[in-house]
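Peer 1: Quick one: this structure, given as structure tokens, is what I'll be asking you about.
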Amino acid sequence: MLLLIAITALALVFDFTNGFHDTANAIATSVSTRALSPRVAVLMAAGLNLLGAFLYTGVAHTVGEGLVDTDLVTLPLVLAALVGAVAWNLITWYFGIPSSSSHALFGGLIGAMITKAGIDGVLWGGVIEKVIFPMVGSPVIGLVCGWFLMTGLTWLVHKWPPAPVNRWFRTLQPLSAGFMALSHGGNDAQKTMGIITLALFASNEIDRFVVPFWVKLACALAMAAGTYSGGWRIIHTLGSRVIKLDPIHGFAAETSAATVIQIATHFGIPVSTTHTITAAIMGVGSTQRLSAVRWGVAGNIVGAWVLTLPAAGAVGALSYFLISLFL
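Under this note's numbering, residues 216 to 542 are what the sequence shown spells out, in order.
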């Protein structure tokens, strides 16, 4: 029982780090364009993350049941997976790199399972379908959607003077930021719900994989609290270092990314909100000219994306090995 409590606590710590790590996903563009003040932005994002966490459970089932063999899952394995995920979140937050908290969690879980049971313990079909394909597909779709939406908006307002365009879209941007925050809560909070429910199932506290209400509430509150604390290093990276954003760009990026995330959540697909919004920002920026995107910064971000799964997996694997020596 003590180990289960420790795992639940660490899972909520991960959820908290996910919240402050991914605050930038929802509000970086709104803060950068001064559509919202930083504190108002994080308060709004925290509230809508909280609400979004209650809307779906499909992603939680994918994380808990679709990636590894649940019959082989033990509490030490879940603990090791969380250690890998939290460690990678903290490392990338420290360096201001908008990596994926989701893929850190998946990597930790897969690495721990390989150490415990070998490659046969991993449901590779589920990993390819629910992790690898979305990891590649969601940024591509986000970039394309951002480009098309920004192109359409540019055509609509091309005869307007810049001042009223900025004024109108600065007014609209809180709506797109709220949509993004709601979408983030709906997808990302479920990943921690899935891990805690997996631990409850592995310890025979529940006899079938159903997310209890208290798990939903705890994960929603932890993510909202993390979001409110703000991840200012990553907000700076997304808000100003990839491209210079005007309100119309922020609106287009947030709206296109949130739409992609909402569709994925509806089908129970755990996508990376970080990957999606970053790619949407690149797509929006590239409508001006390719040189408007700082591709060196973008390349560093993509490098972190590629490293996340194996790096978190390595930490998860090592953590399981060390934990198994004592438990």
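Cβ coordinates follow ideal geometry from the N, Cα and C atoms, glycine included.
Which value, in whole angstroms, describes the spacing of the CA atoms of VAL281 and THR489?
Peer 2: Here the sequence assigns Gly to residue 281, which means Val is not the residue at that position. Spanning the two alpha carbons is a distance of roughly 22 Å.
Peer 1: Given this structure, state the Cα-to-Cα distance separating PHE235 from GLY336, to the nearest angstrom.
Peer 2: Each residue's Cα considered, the two are about 32 Å apart.
Peer 1: Does the region 261-269 touch the region 332-347, meaning 3 or more C-beta pairs lie closer than 8 Å?
Peer 2: no
Peer 1: Looking at the structure shown, is VAL486 part of a helix, part of a strand, or coil, going by DSSP?
Peer 2: coil
Peer 1: Is VAL288 helix, strand or coil by DSSP?
Peer 2: coil
Peer 1: Between which two residues does the alpha helix (DSSP H) containing VAL475 stretch?
Peer 2: 462-481
Peer 1: Excluding sequence positions up to five away, which residues of its chain have a Cβ less than 6 Å from the Cβ of LEU320?
Peer 2: ALA300 and LYS406
Peer 1: Residue range of the alpha helix (DSSP H) that ILE411 falls in?
Peer 2: 377-417
Peer 1: Since I believe ILE492 is in contact with ALA467 (beta carbons under 8 Å), could you give me their beta-carbon distance rounded to a whole number of angstroms?
Peer 2: Taking a contact as a CB-CB distance under 8 Å, the pair ALA467 and ILE492 does not count as one, their CB atoms being some 11 Å apart.
Peer 1: Using a Cβ-Cβ cutoff of less than 6 Å, which residues in the same chain neighbour ALA404 once the five nearest sequence positions on both sides are dropped?
Peer 2: ALA268, CYS434, ALA435 and MET438.
Peer 1: Give me the residue from PHE536, LEU413, VAL425 and GLY498 with the minimum Cα distance to ILE356.
Peer 2: GLY498
Peer 1: Taking C-alpha atoms, which residue in LEU540, GLY262 and ALA532 lies nearest to VAL298?
Peer 2: ALA532
Peer 1: How would you label ASN264, buried or exposed, when you count the other beta carbons within 10 angstroms and need 16 or more for buried?
Peer 2: ASN264 comes out buried.
Peer 1: Should GLY454 go down as buried or exposed, given a rule of 16 or more other Cβ atoms within 10 Å for buried?
Peer 2: At GLY454 the pLDDT is 43, less than 50, meaning the model places this residue with poor confidence; the figure from the coordinates comes in the next sentence. GLY454 comes out buried.
Peer 1: Rounded to whole angstroms, what is the Cα-Cα separation between VAL457 and VAL293?
Peer 2: Because VAL457 carries a pLDDT of 48, less than 50, the predicted location of this residue cannot be relied on, and the following value inherits that uncertainty. Near 35 Å, if we compare the C-alpha coordinates of VAL293 and VAL457.
Peer 1: Would PRO379 be called buried (16 or more neighbouring beta carbons within 10 Å of its own) or exposed?
Peer 2: Counting Cβ neighbours within 10 Å, PRO379 comes out exposed, since fewer than 16 surround it.
Peer 1: By a C-beta neighbour count over all protein chains shown, 10 Å radius and 16 as the cutoff for buried, is GLU420 buried or exposed?
Peer 2: exposed
Peer 1: Helix, strand or coil for VAL530, going by three-state DSSP, please let me know.
Peer 2: The three-state reading of DSSP puts VAL530 in helix, counting H, G and I together.
Peer 1: ILE222 and VAL283 look like a contact to me (Cβ under 8 Å); what is the Cβ gap, rounded to whole Å?
Peer 2: Not really, about 15 Å apart at Cβ, beyond 8 Å.
Peer 1: Measure the beta-carbon distance from ALA209 to GLY323 and round it to whole angstroms, keeping in mind my assumption that it falls under 8 Å.
Peer 2: Nothing can be reported for residue 209, as the shown portion of the chain is limited to 216 through 542.
Peer 1: Just grab the DSSP bridge partners of VAL283 for me.
Peer 2: VAL337
Peer 1: Tell me which same chain residues have a C-beta within less than 8 Å of the C-beta of LEU415, skipping the five on either side of it?
Peer 2: LEU219, ILE421, PRO427 and VAL430
Peer 1: Rounded to a whole number of angstroms, what is the C-alpha to C-alpha distance between ILE449 and THR232?
Peer 2: For ILE449, the predicted structure reports a pLDDT of 49, less than 50, and the residue's modelled location is therefore unreliable. A value from the coordinates is still provided. Spanning the two alpha carbons is a distance of roughly 12 Å.
Peer 1: Please state the DSSP three-state secondary structure of ALA439.
Peer 2: helix
Peer 1: Assuming the contact rule is C-beta atoms closer than 8 Å, THR442 and VAL257 should be a hit. Round their C-beta distance to whole Å, please.
Peer 2: 6 Å
Peer 1: Just to confirm before moving on: does the CB-CB distance between SER315 and SER487 stay below 8 Å?
Peer 2: yes
Peer 1: Let me know the secondary structure DSSP gives MET259 once reduced to three states.
Peer 2: helix
Peer 1: Do GLY465 and VAL274 come within 8 Å of each other at the CB atom, strictly closer than that value?
Peer 2: no
Peer 1: Kindly indicate the opening and closing residues of the alpha helix (DSSP H) around THR330.
Peer 2: 316-332
Peer 1: Who are the Cβ neighbours of SER317 in its own chain at under 6 Å, not counting the five residues just before and after it?
Peer 2: LYS406, PRO485 and SER487
Peer 1: Given this structure, state the Cα-to-Cα distance separating VAL255 from ASP286, to the nearest angstrom.
Peer 2: Cα-Cα distance, rounded: 45 Å.
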